[in-house]
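Engineer: I'd like to ask you about the structure that follows.
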Amino acid sequence: DDVKESLAYNMSEYFKQFLFPQNECELHNFRLSFSQLKWDKWIIAPHRYSPQYCKGDCPRVVGHRYGSPVHTMVQNIIYEKLDSSVPKPSCIPAEYSPLSVLTIEPDGSIAYKEYEDMIATKCTCR
Amino acid sequence: SPSSKDDVVPDETLELLLVPDNKLPELPPLLLLPPGMRHGYTLLPPLLKVLSDQRHQHWESEVPRLQPDSRALRYMKRLYKMSATKEGIPKVKRSHLYNTVRLFTPHAECKYHHRNEMKGDLHSVDLLFNLDRVTALEHLLKSVLLYSFDRSVSSSFPITCMCHLVVKENDPSSQVCPSVPQSITFNLRFELTRRKWVEIDVTSFLQPLITTNKRNVHMAVNFTCLKDDQHQNFKQEGSFNTALVLPSLILYLNDTSKQAYHRWNVLRFQKRNPVWSRPRNSPLADPAEDAGRDDTEGKRASRHRR
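This is how it looks when you write it as structure tokens:
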């Protein structure tokens, strides 16, 4: 009975990491103001910028949750089973939003520009 | 003072060495360095050279820039509010395809004022715009002359202006399309109490110039204005002239470079997949916009199902 109880406890603890994954790959909030970078003299708008970032561990089964290609899972297996010098998949942005910026140009003219891929909106494992 | 030409060191490097930056390794002041090392800005390790170049560029960006006119700044801030959400994300509008808007104030101007009580008040301005900031990858969609009015001046009567605009080419032989009209005359009628801005579309004139990478645009604009009330004889003398501030030139452009946002890709995608929209759970979505869109899309989706 003691052995069974111990096994049941260990199995329970083992499966918990799948139910409540720790430090999983996900989008994190990060906000900065251009005044921190001393760019507020020439960047009129926006005053703040939230680029966000991706951080966390990539699980073994990545295809369903993160839309990763099969190769990512293969590389994970290679890292775990065959060669640990092969890098394990990383948590990186998968999709982005653009950003509009209003600036004062060196000649005193004013420019409104829309830049692509300035804000991370979704993470993936690659 | 340097004893020879070889000992001359760029000023920004001198500043760099005498005032060490927190990010740079500690370096002794230049004068304490042995002559061989003084000679060697080029002898500095490549990494330090790169850092000093970057510092030079950074220093350049810290030089105070020419400040634009406050009215122009107000107009562009308004344009920004209309074009982007509070988080700075461009609104996907079908009404415009520009991803770049540039506002230029004239560099040189000469005002001529002729007063004629019968014919009205003639206001003539020579304008020169420098378009160096427009890159080769920015294609012109529309250009307007933006006139703003001094709020302290008001008129209870509508004003009618006859405007004559001439684009001046310094070298007529360099005109690419001589048949393109170089001047136009048109009428404007407005009330000062209602309007803050007047935009005059000059796209047809500027398109050939910008396409051929002309950096300087020279035009003359003449306004002859009369109040619509015939009994009024310009009691506020010169009031309309002071109200009429020098125009700015606004260019609506499509930047085709990689780093620019190409909204037509999004519009094309939405056209093919009308059910798709911006992710609702996106922390960056504008809640007010999404609330409105949800209702519309819900109705559209149910209509589609029926």
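First to last, the protein sequences are chains A and B. With the first letter of the first sequence counted as 1, position 46 gets the number 46 in the working numbering; the numbers rise by one all the way through. Whatever position you read off the second sequence (first residue = 1), add 126 for the working numbering. Virtual Cβ for every residue (Gly too), placed ideally from N, Cα, C.
#1: Out of B:Lys207, B:Pro284, B:Leu254 and B:Ser374, which one is the CA nearest neighbour of isoleucine 326 of chain B?
#2: Here's a check: name, in chain order, each residue in its chain whose Cβ is nearer than 8 Å to the Cβ of histidine 233 of chain B, leaving out the five neighbours to either side.
#3: Just mark isoleucine 77 of chain A as buried or exposed, buried being the case when its beta carbon has 16 or more other beta carbons within 10 Å.
#4: Comparing the C-beta of valine 343 of chain B with each C-beta of chain A, is any distance below 9 Å?
#5: Taking only runs of the alpha helix (DSSP H) that begin and end inside the stretch 18-80 of chain A, which ones reach a length of at least 4 residues, in chain order?
#6: Taking the DSSP output, what are the residues bridged to leucine 229 of chain B?
#7: Using a C-beta cutoff of 9 Å, does isoleucine 110 of chain A count as contacting chain B?
#8: Taking a cut of 9 Å between CB atoms, which residues from the stretch 82-107 of chain A lie near chain B?
#9: Considering only DSSP beta bridges, list what tyrosine 206 of chain B is partnered with.
#10: Are any of the Cβ atoms in chain A nearer than 9 Å to that of serine 254 of chain B?
#11: Alpha carbons only, please: which of B:Ala346, B:Gly214, B:Phe312 and B:Ile376 is nearest the one belonging to glutamine 333 of chain B?
#12: Could you compute how far the alpha carbon of arginine 341 of chain B sits from the alpha carbon of glutamate 105 of chain A?
#13: Find the residues of chain B that neighbour proline 51 of chain A, judging by a C-beta separation of less than 8 Å, and give them in chain order.
#14: Output yes if chain B places a C-beta closer than 9 Å to the C-beta of aspartate 117 of chain A; else output no.
#15: What does a CB cutoff of less than 6 Å around aspartate 117 of chain A pick up in its chain, not counting 5 residues either side in sequence?
#16: Taking the CB atoms as reference points, tell me whether tyrosine 112 of chain A and threonine 226 of chain B lie closer together than 9 Å.
#17: Would you list, in chain order, the members of the stretch 202-215 of chain B that have their beta-carbon closer than 7 Å to a beta-carbon of chain A?
#18: Leaving out five residues on either side along the sequence, give the residues of the same chain with a beta carbon under 8 Å from the beta carbon of tyrosine 224 of chain B.
#19: Kindly indicate the opening and closing residues of the beta strand (DSSP E) around serine 330 of chain B.
#20: Which residue's Cα is closest to the Cα of glutamate 114 of chain A: B:Val270, B:Ser330 and B:Leu205?
Structural biologist: Let's see:
#1: Of the candidates B:Lys207, B:Pro284, B:Leu254 and B:Ser374, the residue whose Cα lies closest to the Cα of isoleucine 326 of chain B is B:Ser374.
#2: Excluding residues up to 5 positions away in sequence, Leu254, Phe255 and Asn256 lie with their Cβ nearer than 8 Å to the Cβ of histidine 233 of chain B in the same chain.
#3: Per the 10 Å Cβ criterion, exposed.
#4: Interface flag for valine 343 of chain B against chain A is unset, since no Cβ pair is found closer than 9 Å.
#5: If one requires a minimum length of 4 residues, the alpha helix (DSSP H) runs lying completely within the stretch 18-80 of chain A are 63-66 and 70-77, in chain order.
#6: Bridge partners of leucine 229 of chain B: A:Ile110 and B:Ile376.
#7: Output row for isoleucine 110 of chain A: interface = yes.
#8: For the stretch 82-107 of chain A, which is checked against every Cβ of chain B, the residues closer than 9 Å are Glu95, Ser97, Pro98, Leu99, Ser100, Val101, Leu102, Ile104, Glu105, Pro106 and Asp107.
#9: The partner list for tyrosine 206 of chain B (beta bridge, DSSP) is empty, contrary to what the question assumes.
#10: It is leucine, not serine, that sits at residue 254 of chain B in the sequence shown. Chain A, which has no Cβ nearer than 9 Å to the Cβ of leucine 254 of chain B, makes this no.
#11: Restricting attention to B:Ala346, B:Gly214, B:Phe312 and B:Ile376, the CA atom closest to the CA of glutamine 333 of chain B is found in B:Ile376.
#12: Going by the C-alpha atoms only, they are around 16 Å apart.
#13: Here the premise fails: no neighbours, minimum Cβ distance about 11 Å.
#14: Chain B places a beta carbon closer than 9 Å to that of aspartate 117 of chain A, counting this residue as a contact.
#15: If you ignore the 5 residues before and after aspartate 117 of chain A, its C-beta comes within less than 6 Å of the C-beta of Tyr96, all in its own chain and listed in chain order.
#16: Cβ distance < 9 Å, so tyrosine 112 of chain A and threonine 226 of chain B count as in contact.
#17: Answer set for the stretch 202-215 of chain B: Met202, Lys203, Leu205, Tyr206, Ser209, Ala210, Glu213, Gly214 and Ile215.
#18: Here the set comprises Leu267, Lys268, Tyr378, Leu379 and Asn380.
#19: From DSSP, serine 330 of chain B is part of no beta strand (DSSP E) but of the alpha helix (DSSP H) over 329-337.
#20: Measuring from the Cα of glutamate 114 of chain A, the nearest candidate turns out to be B:Leu205.
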